[in-house]
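**Student:**
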């Protein structure tokens, strides 16, 4: 009886595993798509145009793989797109920090001129 229960549990896990993986790949796709949509397109294009285009391309490939029920490739492409989104986000932050540094340097130069005159 115990063996029958263990066998039933094991077989149900094997039946449910593909469904769980399918849900995982679909979740990754949805999450990555939301990340890309949350980016300000103008900032992304100005700060990291190559990474932004790459993220969009990988998302398209992930959707195509999902449509073909190639869950593993879909998950892989979604991960690649997500990494490119992270690059874009960090470059946007870097660009903002560079602008801040430039403003501070301009302010310091102005103060020096005022002190010397």
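In our numbering, the protein residues as written are 431 to 547.
All residues carry an ideal CB built from backbone N, CA and C; glycine is no exception.
#1: If you pair each beta-carbon of the stretch 510–524 with each one of the stretch 474–494, do three or more pairs fall below 8 Å?
#2: Does any residue of chain D bring its CB to less than 7 Å from the CB of residue 524?
#3: Hey, how far is the Cα of residue 527 from the Cα of residue 498?
#4: Using C-beta distances below 7 Å, list every residue in its chain close to residue 465, excluding the 5 sequence neighbours before and after it, in chain order.
#5: Leaving aside the five residues before and after residue 540 along the sequence, list all residues of the same chain whose C-beta is less than 6 Å from its C-beta, in chain order.
#6: Suppose only complete runs of 3+ residues qualify. What are the beta strand (DSSP E) ranges in the stretch 454–526, listed by chain order?
#7: Run the CB neighbour count on residue 492, radius 10 Å, all protein chains shown included, and call it buried at 16 or more, exposed below.
**Tutor:** With the structure as the only source:
#1: yes
#2: In summary, chain D is missing from the structure at hand, where a single protein chain is found.
#3: 42 Å
#4: 512 and 515
#5: none
#6: none
#7: By the 10 Å Cβ count, residue 492 comes out buried.
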